[in-house]
Structure formats: C-alpha cells, structure tokens
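To keep things clear, I will list the structure first and then write my remarks on it.
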Amino acid sequence: MPTVLLTGFEPFDGAASNSSWEAVRRVTGVEGLVTAELPVEFGRASEVLAGLIAEHSPDLVIATGLADGRTAITPERVAINLEDARIPDNAGAQPRERTIDPDGPAAYLSGLPVRAIADAITAAGIPAQVSLSAGAFVCNSVMYRLLGSVPEGVVAGFIHVPSADDLSVDEIATGLAIAVRVSLGA
Ligand code: PCA
C-alpha cells in the first residue's frame with residue numbers, strides 16, 4: 010500500500026483559518042494517508058516537510074496552500090527559484106528578490122500529472138485548472154525546495170486551493186482526494 014503525505018498550511022496574514030489545512034484534515038477514503046500542517050515560514054516550512062518525508066518515506070507528496078482570490082483548485086505546473094514576498098511570513102521574514110538556491114535551476118516542473126488531476130476534479134463537478142504560477146511567497150518556496158530535494162522515485166508537487174468563501178472545504182477535500190487517486194494512477 011502506498012504512503013501518501015498530504016500537507017496544508019497554518020493561517021497567515023491575520024486570517025483565522027487556512028482552507029488548505031481545513032480541507033487536508035477532512036480528506037477521507039485514502040489509504041496510507043499521512044497529513045500535516047506546515048508553518049507559513051520561509052525555510053522552516055521546508056525543513057518540517059523534509060522531516061516528515063524522512064519520517065514517513067512517502068511514495069507521493071502533495072503540499073497544498075491557499076491562493077486567496079482563486080475560485081478553482083489549481084495544481085501548480087511550475088515552481089520558480091525566487092522568493093519575493095508581498096507580506097511578511099508568520100515569523101516576520103519578508104525576502105525580496107531572493108534566489109532560493111544559487112546553484113539550482115530557474116524552475117522545476119511538478120512531478121504530478123497536473124492536467125489529468127485538473128480534468129478529473131472538473132469531471133467530478135468541482136472547479137479545477139492547471140496553474141502556471143505558484144507565486145513567489147512561501148508556497149512557491151516549499152514547492153521549489155520539495156522538487157529539488159525529493160528522493161528518487163517519489164512523486165511530488167503542489168496544489169493551491171481557493172478560500173473557503175469561494176469553494177466549500179468539503180469540495181476542496183473531495184478534490185484533493187481525487188488528486189491523490191489520479192497521482193497514484195488508481
Ligand atoms: N498560501 C501562501 C502561503 C501559505 C498558504 O496557504 C502562498 O500561496 O504562498
């Protein structure tokens with residue numbers, strides 16, 4: 010049975026909750042599922058995620074985060090080698106125009122079947138679209154560092170989700186369960 014690591018983020022920018030974690034913790038019907046809430050902190054979020062990967066040896070890693078203003082579930086196609094924060098993270102850090110890894114590539118492409126995921130979620134009646142930008146805040150940073158460090162043979166990527174005002178947490182959770190199933194080829 011494959012092990013699946015699915016993460017969401019804690020609230021940030023003064024919000025009371027984060028739909029990514031609220032949805033992740035409601036995902037049902039996935040065997041071998043490990044879930045975790047990541048801190049919204051440059052660097053530390055990736056350290057926590059790396060620790061979870063070392064601890065659980067997952068076959069599939071999907072990190073999720075909130076993209077406020079989006080109305081569809083959006084598997085991210087690409088992570089870029091840039092941190093450029095519009096607001097401080099939860100530890101007060103606000104990198105501007107900072108390269109994540111001076112020796113790394115400009116970008117990494119997702120290991121997830123992003124098109125198939127978006128199509129399958131849409132077919133279930135839940136809005137989904139492939140996204141071409143994960144931004145330049147903590148989510149993009151986590152995705153870039155994840156793809157740059159993920160062990161050989163582990164499938165990994167990132168999915169942004171709408172706020173709970175724009176799509177119900179239950180629908181987001183259903184969409185994420187579909188994303189897991191499609192990624193496992195089931
Ligand atoms: N969304 C932010 C960081 C945490 C989250 O849920 C982002 O898109 O970078």
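First residue of the sequence shown? That's 10 in the numbering used here, and the numbers climb one at a time after it.
Every residue gets a Cβ at the ideal spot worked out from N, C-alpha and C, and that includes glycine.
In this text, all values refer to a predicted model and were calculated from it rather than measured experimentally.
Terminal residues of the alpha helix (DSSP H) in which residue i lies
i      : result
Leu164 : Checking the sequence shown, residue 164 turns out to be Val, not Leu. Note, Val164: premise wrong, no alpha helix (DSSP H); beta strand (DSSP E) at Val164 to Val170.
Ala59  : Arg53 to His65
Glu180 : Val178 to Ser192
Leu15  : Unbroken run through Leu15 is the beta strand (DSSP E), Val13 to Phe18; no alpha helix (DSSP H).
Classification of residue i by the beta-carbon crowding that lies within 10 angstroms, buried from 16 upward
i      : result
Thr83  : buried
Ile96  : exposed
Pro171 : buried
Met10  : exposed
Thr37  : exposed
Leu185 : buried
Glu40  : exposed
Ala76  : buried
Ala54  : buried
Glu161 : exposed
Gly194 : exposed
Leu176 : buried
Boundaries of the beta strand (DSSP E) in which residue i is found, first to last residue
i      : result
Ile89  : Val87 to Ile89
Ile126 : Note, Ile126: premise wrong, no beta strand (DSSP E); alpha helix (DSSP H) at Val123 to Ala132.
Beta-carbon proximity check, residue i vs residue j, cutoff 8 Å
i      : j      : result
Ser198 : Ala133 : Given a span of 10 to 195 for the chain in the structure shown, any question on residue 198 remains unanswerable.
Val15  : Val189 : The sequence given here places Leu at residue 15; Val does not occur at that position. It is a contact, given that the beta carbons lie within the stated cut-off.
Glu46  : Glu64  : no
Val191 : Ala125 : yes
Ala72  : Ile89  : no
Ala129 : Ile187 : yes
Asp68  : Val178 : no
Cutoff 7 Å; reference residue i; Cβ partners in own chain excluding five residues on either side
i      : result
Glu92  : Phe51, Pro104, Arg107, Ile109, Ala145 and Ser150
Asn165 : At residue 165 the sequence reads Ala, which differs from the Asn that was named. Hits under 7 Å: Val70, Gly120, Leu155, Leu156 and Val159.
Ala182 : Ala32, Arg35 and Val36
Pro122 : Val191 and Ser192
Ile135 : Ile82, Glu180, Thr183 and Gly184
Leu42  : Val13, Leu15 and Val36
Close Cβ partners of residue i (< 8 Å) along its chain, the five nearest in sequence each way excluded
i      : result
Asp98  : Phe21, Val49, Glu50, Phe51, Phe146 and Val147
Met152 : Ala72, Glu85, Ala88, Tyr117, Ser119, Ala143, Gly166 and Phe167
Contacting residues, own chain, Cβ-Cβ under 6 Å from residue i (five flanking each side not counted)
i      : result
Gln138 : Ala81, Thr83 and Ala127
Ala5   : The first residue shown for the chain is 10 and the last is 195, placing residue 5 beyond what the model contains.
Arg79  : Pro171
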